[in-house]
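Comments concern the structure below.
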Amino acid sequence: MDRRRALGVGLVLVSACGFGSGALFAKPVYAEGVGWHVLLAWRFLVGAALAWAFLLSSPGRRRGLLALDRRAVVVALALGVLYVGNSGTYYAGLESVDASLAALIVYIYPALVAVLSLRIGRPLEGARAWVALGLALAGVALTVGGINARNAPPVGALLLVVASPVIYAVWIVLAARLSGERRPAAEADADSAGAAASAATALMTTATATVYWVTAVAAGQPVGPASIPAVAWPGVLAIGVIATFLAIQGFYAGAQRVGAAQAALLSTIEPLWTIGLAALLLHETLSPVQLAGGALILVGVVVAQTGPASVRSARPAVRLADE
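Numbers given in the working numbering equal positions in the sequence shown, counted from 1, plus 86.
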């Protein structure tokens, strides 16, 4: 493996662990009385501020921002607004659902994307996408069905967590179509594509942060800095820095080096990372039935991501965050 590819693999793995750590950082914040709405307002404010600092620190990335046409800017902002649905449902449900269980359920999104848009703008070919979706849904049924009735979270919270990957799958399909994902790769080299991705990410996270802050203030949420306990700030900042900024930038930088399909496949480490740390740090455990369900979900992801090369290359490489 050459150094460029090895670096790409490392960046994607770091990104996956960053995304997977979000739920682990959130649980102690919730325990201090900070609600999901306030947490996400600060998460995306910190993420957006770092994204702009990263973007403006490089002449190449600044040129990428200036090169965006009006349509690209509008699309990025619109996608940032839409992303509120995915992140909001996940973190709202996470207030009651174990991090390990939520991590498994949310990872059905690659199989959903495979069915919704195996080839953007073209009919589905073959049964691979449907097999992947069937495996993922069977896995979700096992993970949810294996919940101990005595410690079961509210049904509404479970439905929110299930809704998150559905919304995210739709978001990915819309992002790919609206951003012209199927244009030939020859239109832009890797550096200019990376600069454009950094610019779009800054715009999207800004739009997401704006929605959360406007709605939080309108709803009278205690979103001011003084309203957040001092002991909760490390978790809040960790989500903004590690689970948002570093995770997003790491995924884009890694995907540039190894390709979108390989990056998506490497990202399957994310739920495994979350489950492992949740057991270690939060003392959460999954039953054998739930572990079997998780295995089916991950098999579904692998099935969805290991088709013919022509199919894999058609899948979108767009990612703001899993949740």
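Glycine is no exception: its CB is placed at the ideal position from the N, C-alpha and C atoms.
Query: Just to confirm, are Ser300 and Leu125 a CB contact at a threshold of 8 Å?; Result: At residue 300 the sequence reads Val, which differs from the Ser that was named. Cβ atoms of Val300 and Leu125: not closer than 8 Å.
Query: Give me, in chain order, the residues of the same chain whose beta-carbon lies closer than 6 Å to that of Ala286; leave out the 5 immediate sequence neighbours on both sides.; Result: Ala162
Query: Expressed to the nearest angstrom, what Euclidean distance is found between the alpha-carbon atoms of Trp359 and Gln307?; Result: 32 Å
Query: Where Ala200 and Leu223 are concerned, what is the direct C-alpha to C-alpha distance, given to the nearest angstrom?; Result: 13 Å
Query: Measuring CB to CB, does Leu187 end up less than 8 Å from Gln342?; Result: no
Query: Roughly how many angstroms separate the alpha carbons of Arg90 and Gly96, rounded to a whole number?; Result: 10 Å
Query: When you compare only the Cα positions, how much space is there between Leu351 and Val387?; Result: 8 Å
Query: Are Val170 and Val303 closer than 8 Å when you measure CB to CB?; Result: no
Query: Could you check what DSSP says for Thr354 in three-state terms: helix, strand or coil?; Result: coil
Query: Please classify Tyr193: does DSSP put it in a helix, a strand, or coil?; Result: coil
Query: Does DSSP put Val160 in a helix, a strand or coil?; Result: helix
Query: Which term fits Asp88, buried or exposed, when burial requires 16 or more other beta carbons within 10 angstroms of its beta carbon?; Result: exposed
Query: Just curious, the alpha helix (DSSP H) that Ser101 is in, first and last residue?; Result: 89-117
Query: So what's Ile314 in DSSP terms, helix, strand or just coil?; Result: coil
Query: Helix, strand or coil for Ser182 per DSSP?; Result: coil
Query: Looking at C-alpha atoms only, which residue of Leu367, Pro357, Leu368, Gly362 is the closest neighbour of Val385?; Result: Pro357
Query: Just to confirm my understanding: we take Ala243, look at its own chain, exclude 5 residues before and 5 after, and list those with CB closer than 6 Å. What are they?; Result: Gly179, Ser182, Val183
Query: Are there 16 or more other CB atoms within 10 angstroms of the CB of Thr371, so buried, or fewer, so exposed?; Result: exposed
Query: Which residue comes first and which comes last in the alpha helix (DSSP H) that contains Val124?; Result: 122-142
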